[in-house]
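When we follow this note's numbering, the leftmost residue of the sequence shown carries the number 401, and every step to the right adds one. Built from N, CA and C at the ideal position, the CB exists for glycine as well. All remarks here apply to the structure that follows.
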Amino acid sequence: MIDKMSGFVFSQYLTLEYFFLLYLVQSLRGLYFRAGI
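Printed below as a string of structure tokens:
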């Protein structure tokens, strides 16, 4: 059973996860760009 509070925490967690993945992709792209691939 999901109440409002746990739903809020879950959405916050998903947002953090999303930004972390975005950051990971950006840094990988930066590395590839610097390597000249």
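Spatial neighbours of residue i in its chain, beta-carbon cut-off 7 Å, leaving aside the 5 residues before and after
i	result
residue 425	none
Helix, strand or coil at residue i [DSSP, three-state]
i	result
residue 407	helix
residue 430	helix
Residues near residue i in its chain [Cβ-Cβ closer than 6 Å; skip 5 each side]
i	result
residue 436	none
CB contact below 9 Å: residue i versus chain C
i	result
residue 431	Any reference to chain C falls outside this structure, which holds one protein chain only.
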